[in-house]
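**Q** Just so we're on the same page, the numbering used here is the position in the sequence shown counted from 1, plus 3.
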Amino acid sequence: MTDVTDGVLHTLFHSDQGGHEQVVVCQDRASGLKAVIALHSTALGPALGGTRFYPYASEEAAVADALNLSRGMSYKNAMAGLGHGGGKAVIIGDPELIKSEELLLAYGRFVASLGGRYVTACDVGTYVADMDVVARECRWTTGRSPENGGAGDSSVLTAYGVFQGMRASAQHLWGDPTLRGRKVGVAGVGKVGHHLVEHLLSDGAEVIVTDVREESVRRVTDSHPEVTVAVDTDALIRTEGLDIYAPCALGGALDDASVAALTARVVCGAANNQLAHPGVEKDLADRSVLYAPDYVVNAGGVIQVADELQGFDFDRCKAKASKIFDTTLAIFARAKADGIPPAAAADRIAEQRMAEAARR
4 MTDVTDGVLH TLFHSDQGGH EQVVVCQDRA SGLKAVIALH STALGPALGG TRFYPYASEE
64 AAVADALNLS RGMSYKNAMA GLGHGGGKAV IIGDPELIKS EELLLAYGRF VASLGGRYVT
124 ACDVGTYVAD MDVVARECRW TTGRSPENGG AGDSSVLTAY GVFQGMRASA QHLWGDPTLR
184 GRKVGVAGVG KVGHHLVEHL LSDGAEVIVT DVREESVRRV TDSHPEVTVA VDTDALIRTE
244 GLDIYAPCAL GGALDDASVA ALTARVVCGA ANNQLAHPGV EKDLADRSVL YAPDYVVNAG
304 GVIQVADELQ GFDFDRCKAK ASKIFDTTLA IFARAKADGI PPAAAADRIA EQRMAEAARR
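This is the structure we're talking about:
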């Protein structure tokens, strides 16, 4: 455990991935809760980000994920124009085995103890019903059901925002925002991915999907038998004639091997932290692959949950999420003007916004 703590402190105080304002390690032995809450920045306002419930291989992996995800939320919220900083929480364990009302209530008490510095929501492994339970102990909870004063499933607008990012990518690369006739591969058709497939099909795209969960694939193909299925992600990214690759599962989808094998001209998906390590964005640019920064295009969900704090209005949120199209085009333009990859351009814009807010 000492090595884990030393690693965390080094990351926080000495690493480029650090700079977090606060990291809280939470444990409730009665319920089995082990969680990490990471607040990266509150320069723009209270930190906002979801709660991930996942069976991490180690506590160190869980802490690293919380740090990376919370940092990403700072950039995402800044680029989405929200009055929120970045935060994220992870609960360690298999939600199918240990998730319980007692555990979620204990987690809610820990979030409440931060006094509003962190606002939580759903993420991988947590759902609207879970946030309803958390909210019984913590008023700084979003992503709740409409019956409990919330906005419901944020994956709807997350998928819509990714679709807008794809349209912007098509506009930039091919001069037309439509995806009609384009071959799009979606890796991960869970909460967000299956909504994205609906948008793509409605726009006339040819869709190929894959998912580690057979039932998720079957849900799509039962409704849309015209959708093609790839055996796995490796087969998907190697598909001949693929125009767009949409990673919509866990992070790290773009590494040295996958970038080298990629046949698509565009990468635009819902997964967080898609770049496995620094330098991948340059590798994509060197191969003439247009990368739509993940935290920009997948911001529809956080736009939705942030709106919940002021009384949710779906039409207002959808209008804000539609602006992801313009934001993505602006990033591509900045990247071209500065001679840098789009991911670096997005970072520059977000960092400038946070720095300006911190000086006020």
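Don't be surprised by glycine CBs; every beta carbon is placed ideally from N, CA and C.
Taking the C-alpha atoms as reference points, what is the distance between threonine 8 and tryptophan 177?
**A** Note that threonine 8 has pLDDT 49, beneath the 50 cutoff, so the model's placement of it is unreliable and the number below is only indicative. The straight-line gap from Cα to Cα measures roughly 49 angstroms.
**Q** Given a threshold of 16 other Cβ atoms within 10 Å of its Cβ, counted over all protein chains shown, does arginine 120 qualify as buried or as exposed?
**A** It is buried - the Cβ of arginine 120 has at least 16 other Cβ atoms within 10 Å.
**Q** Can you tell me whether valine 283 is buried or exposed? The criterion is at least 16 other CB atoms within 10 Å of its CB, across all chains shown.
**A** Buried, since its Cβ has 16 or more Cβ neighbours within 10 Å.
**Q** Note down the Cα distance separating aspartate 206 from aspartate 316, rounded to an integer number of angstroms.
**A** For aspartate 206 and aspartate 316, the distance between alpha carbons rounds to 25 angstroms.
**Q** Only counting the same chain, and skipping five residues up and downstream in sequence, which positions put a Cβ closer than 6 angstroms to that of threonine 236?
**A** Counting only Cβ-Cβ distances below 6 angstroms, and skipping sequence neighbours, we find Ala190, Thr213.
**Q** Per the contact definition of three or more C-beta pairs closer than 8 angstroms, is the segment 121-139 in contact with the segment 317-326?
**A** Contact fails: fewer than three Cβ-Cβ distances are below 8 angstroms.
**Q** With a cut-off of 8 angstroms on the beta carbons, I'd call histidine 87 and glycine 48 a contact; round off their distance for me.
**A** About 5 angstroms separates the two Cβ atoms, so the contact holds.
**Q** Would the beta-carbon of glycine 314 fall within 9 angstroms of that of aspartate 297?
**A** Against a cut-off of 9 angstroms, the Cβ pair of aspartate 297 and glycine 314 comes out as no contact.
**Q** Tell me whether glutamine 30 is buried or exposed, calling it buried when 16 or more other Cβ atoms sit within 10 Å of its Cβ.
**A** Counting Cβ neighbours within 10 Å, glutamine 30 comes out exposed, since fewer than 16 surround it.
**Q** Would you mind giving the Cβ-Cβ distance between valine 122 and alanine 38, rounded to the nearest angstrom? I have them listed as a contact below 8 angstroms.
**A** So it is not a contact: roughly 16 angstroms between Cβ atoms.
**Q** Could you please give the first and the last residue of the uninterrupted alpha helix (DSSP H) stretch that includes isoleucine 240?
**A** Element bounds for isoleucine 240: 236-240.
**Q** Could you tell me whether the segment 160-169 touches the segment 322-338, using the rule of 3 or more Cβ pairs below 8 angstroms?
**A** Judged by Cβ distances under 8 angstroms, the segment 160-169 makes contact with the segment 322-338, as three or more pairs qualify.
**Q** What residues in its chain sit with their C-beta under 8 angstroms from that of leucine 106, if we drop five residues either side in the sequence?
**A** Here the set comprises Asp31, Ser34, Gly35, Leu36, Ile94.
**Q** Please report how far the alpha carbon of glycine 244 lies from the alpha carbon of histidine 175, in whole angstroms.
**A** For glycine 244 and histidine 175, the distance between alpha carbons rounds to 19 angstroms.
**Q** Mapping DSSP to helix, strand and coil, what is valine 7?
**A** With a pLDDT of only 49 at valine 7, under 50, the local geometry of the prediction cannot be trusted, and the value read off the model is given with reservation. Helix at valine 7.
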